[in-house]
Structures are given as C-alpha cells and as structure tokens.
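*Asks:*
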C-alpha cells in the first residue's frame, strides 16, 4: 500500500513520507487510536450518550476502530447552489445517492442538510451515522452576504436519529460573534441530547488578503480558529489545510508570539498542520482537514496528499465532498477509498 501512495505522490513522496517534525514532538500530542473514546473523551464532561455517539462514528466504515475518520460532507447545494454543485453529476440532486456514496465508500458518516438527511432518514439513519449540518451560507441573496444562518434545529437532528450535528463559524467576520453564540448554544443542546459536535472552523474577512497574499488558510489564523472551536466544546474540528503562515504579522492585528514562527512551525506543510493539531488541545479534540474543491485530473493526488499531511501531523482524518460527488459514483468511491487507505497504511506514521 505504501508503494502505491508513494507512486501517486511522485516527487513529493520523500518530503511528505519521510519528514520528521522537530517543532512539536509527537510525544506531546494525544494521537488518534482505537481507544480514542475511552482514552480521551471519557475523561471529559461529555455524557454517556455523547460517548456512545462518538463511538458510533469511530466504529463505522472502513476505518472502524482505527481512531481515524473519513466523512462525506454534502451541503454545497446550499453553500454553492445546487446547479453549481450537482450539474457535473446530476444523480446527486437525489439525496439517496449522497447517502449511497457514503455507504459504498465505507465512510464513518455522512454530513448534509436537514432536507437531504430527512428525505431518507427512515431508510438509512440506522445504517450509517448521520451528521446534520445546522447552519449554512446561502448565495441566492443579492448582494451576496457571506453569513452562516441556522437552517435547522438540534431537536430535528435528534428526531431523525443523527449521532452528531455540525456547524460553521466564520471567525474574523463581522457576524462571527453572533455565530459563536448561536453555535455554542446549539452544541450545548446537542450534548444534552446525546449527540456529538463537529465545527467547521473557517476564517472569513476581506482584510485577511494582504498585498495579494491570501491568509485565510494561514497556520496561525486557522490554529486560533481551532482553539476557539474547541473552547465551545466541539468534539471534532474541521479545518482547511494550512497553505502559508504569518497572517497575524502580515495583517497587523490581534496578538501572537514570535516563537509561533521560529519554534512551533516551519514552512513544511506537515509542521503547519501540526500547529493546527496543537491548537485542538494538543489533539484531545480530533482535527479533520478539508478535501478541498474538485480540480479534475489532480483530485486523487491532492486528496491523498492532504490525507498524508493530516495523518503525519497527528490529525484524525479527512472530510472530502466535491472531489467525490462531482464525478461518477464508482470514481467517487475509489477516491474516498484512496484517502482511507492512507489511514489504514501502517507505514504512513505520525511524523
């Protein structure tokens, strides 16, 4: 399996597969493993039903009982418009095919909207863990207003048999304070009802682009977003893979420390991702990275590369949607399986 991964990575294989982190040692992290719920979450104030829900996620699919997760997220019908999302493969206008893709690919769970999951809940909620995304950024407004708005309630997630709820906060946006309060309240209610919580921790502000450089995915800003996310008791953090660093210094706002850049990170992608893991309470709350948009022929390479970076950094998995559903189902299954193979491969170790 390692040979196939290395071959796919090509000239990036040596850098990604042989790198050793000299910033934050792996011994200082709480790393994913088959006993994640017993070893980590059971020490928290999460209730027994929440622990049961987390275990259901960890026990599903091809990555069952490894401590890693592969989740299929499909809320782009709202976030990017249904036409833009599903025109490449119209079968996914039908919610059942979304769930079938997650099942066929052996995912740990499927995350989607109230309408998608509700349309097929009685047929599938007991076959694969459901994760209801509570809020969305709809793009039918003119002018466009990037804002996460609640579309569903925690009670609706509970009633349809979901094991978890998900939500997004646009940290840095003018609306972030309201979103933070809404999501914190929703997560508390989800925990009261025995469901786990997953937070999409995104940064969003036009000022985060400075001198032509986009710092929305910088390690220092996304790391702090992660830290805010685990503070409101997100059990799992979903974050974009870091592509650069130094957002605080370039934009000249907030507070940071020079050691973040001289001791806790380097410019290596695994070290940048490790800083994200560090901000998730040193790995106590699992970090899953985004699979990113579909770019066509390079999707398989980019998906496997992201999985390698996440796993070697100490992360807990990948959440990949557009790369999988914007192609024929068989190809989507193959891509998701390739991601999962990285986490199943014992030769891909934590750096």
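Residue numbers (this note's numbering): 83 to 433.
Yeah, the Cβ is synthetic: ideal placement off N, Cα and C, and Gly gets one too.
Spatial neighbours of residue 389 within its chain, please: C-beta separation below 6 Å, excluding the five flanking residues on both sides.
*Replies:* Indexing the chain shown from 1 puts residue 389 at position 307. Only 400, 421 and 424 meet the Cβ criterion.
*Asks:* For the alpha helix (DSSP H) containing residue 206, name the first residue and the last one.
*Replies:* Working through the chain shown from its first residue, we reach residue 206 at position 124. 196-206 is the extent of the alpha helix (DSSP H) around residue 206.
*Asks:* Taking C-alpha atoms, which residue in 339, 357 and 418 lies nearest to residue 308?
*Replies:* On the chain shown, residue 308 is found 226 positions in, with the first residue counted as 1. Among 339, 357 and 418, the Cα nearest to that of residue 308 belongs to 357.
*Asks:* Have a look at the DSSP bridge pairing and note the partners of residue 151.
*Replies:* Along the chain shown, one-based indexing puts residue 151 at 69. Partner(s): 399.
*Asks:* Note the first and the last residue of the continuous beta strand (DSSP E) segment covering residue 336.
*Replies:* Counting from one through the chain shown, the residue named residue 336 turns up at place 254. First-last for residue 336: undefined, no H or E at that position.
*Asks:* Give the DSSP bridge partners of residue 371, in chain order.
*Replies:* Counting from 1 along the chain shown, the entry for residue 371 is found at position 289. In DSSP, residue 371 forms a bridge with 321 and 400.
*Asks:* Can you tell me whether residue 306 is buried or exposed, with buried defined as 16 or more other CB within 10 angstroms of its CB?
*Replies:* As a first step, residue 306 is located in the chain shown; it is residue number 224 there, counting from the start. By the neighbour-count rule (16 or more Cβ atoms within 10 Å), residue 306 is buried.
*Asks:* Ignoring anything shorter than 3 residues, give me the beta strand (DSSP E) runs that lie fully in the region 236-276, in order along the chain.
*Replies:* Taking only runs of at least 3 residues, the beta strand (DSSP E) segments lying wholly in the region 236-276 are 246-253.
*Asks:* Assign residue 405 to one of two classes, buried (16 or more other C-beta atoms within 10 Å of its C-beta) or exposed (fewer than that).
*Replies:* For the purposes of this step, residue 405 is taken as the residue at position 323 of the chain shown. Counting Cβ neighbours within 10 Å, residue 405 comes out buried, since at least 16 surround it.
*Asks:* Return helix, strand or coil for residue 93, following the three-state DSSP convention.
*Replies:* In the chain shown, counting from the first residue as 1, residue 93 sits at position 11. Residue 93: helix per DSSP, three-state reduction.
*Asks:* Which first and last residues belong to the beta strand (DSSP E) in which residue 418 is found?
*Replies:* Walking along the chain shown from the start, residue 418 turns up at place 336. It is not in any beta strand (DSSP E) - residue 418 instead sits in the alpha helix (DSSP H) that spans 411-426.
*Asks:* What do you get for residue 194, buried or exposed, if any count of 16 or more other CB atoms within 10 angstroms of its CB means buried?
*Replies:* Here the question's residue 194 lines up with position 112 in the chain shown. Per the 10 Å Cβ criterion, buried.
*Asks:* Rounded to whole angstroms, what's the CA-CA distance from residue 218 to residue 201? Just pull it up for me.
*Replies:* The sequence position of residue 218 within the chain shown is 136, counting from 1. The sequence position of residue 201 within the chain shown is 119, counting from 1. If you take the alpha carbons of residue 218 and residue 201, they lie about 18 Å apart.
*Asks:* Hey, how far is the Cα of residue 287 from the Cα of residue 254?
*Replies:* Numbered from 1 along the chain shown, position 205 holds the residue referred to as residue 287. Numbered from 1 along the chain shown, position 172 holds the residue referred to as residue 254. Their backbone Cα atoms lie some 6 Å apart in a straight line.
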